[in-house]
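Student:
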Amino acid sequence: TLSPALIKGTTAADFNNKFVASAVNEGQQDLQKLMTAYSLQVLLDPTRAEESVKEVTEVPVTGQKLAVCKAVLDALEEGDFGEVGQAAVLGYRSKCGEEMPLARCFMSQDQINKMSKEKENHVVETLADDMEENLAVNDEGKTCNANNI
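The sequence shown: position 118 = 106 (my numbering), numbered continuously.
#1: If contacts are defined as beta-carbon pairs under 8 Å, then V60 and L19 qualify, I think. What distance do you get, rounded to the angstrom?
#2: Between M95 and G79, how many whole angstroms is the CB-CB distance? I'm expecting something under 8 Å.
#3: Across which residues does DSSP place Q52 in a beta bridge pair?
#4: Going by the beta-carbon positions, is the gap between E65 and Q74 smaller than 8 Å?
#5: Measure from the alpha carbon of V41 to the alpha carbon of each residue in N5, F69 and Q17, then state which is nearest.
#6: Compute the distance between the beta-carbons of E43 and L22, then report whether it is under 8 Å.
#7: Once the 5 residues before and after C57 are set aside, which same chain residues still bring their CB inside 6 Å of it?
#8: How would you label T(-1), buried or exposed, when you count the other beta carbons within 10 angstroms and need 16 or more for buried?
#9: Once DSSP output is grouped into helix, strand and coil, what is the label at F69?
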């Protein structure tokens, strides 16, 4: 807990710097804490946006939780890190997508469209196969054409 004596004479920026230091624990970086600390750093001092974005986006995503990486992406997109953060969205999305290729939030629009088209084609092919199979089993001698669908 914070006591008044602990924070007396400390600026918000100094306190935030201590929080940043606590987010790096024995070589392991707590991405969620770093995101919180660096977004606050940008709020306190917008001139440090570039440094903050670099620190957050360069944390390895291997072993990170999807929800935390998604929260970082959302913060970048929503402008929590200013224009510099918004400019880093594509690179961060790509980086996360390499580690989590099935997470739609890290896919490009082209990847999502391709996946949707493949899913649609699979459904149509499966439906066509099922219809032909049912015709073959139930209606021997009939062929599948527009008149008997």
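All C-beta atoms in this analysis are idealised placements derived from N, C-alpha and C, irrespective of residue type, glycine included.
Tutor: Reading it off the structure:
#1: 7 Å
#2: The Cβ separation is near 14 Å, so there is no contact.
#3: Beta-bridge pairing links Q52 to no other residue.
#4: Yes, the Cβ-Cβ distance between E65 and Q74 is below 8 Å.
#5: Looking at the Cα atoms, F69 is the closest of the given residues.
#6: yes
#7: V49 and C84
#8: exposed
#9: coil
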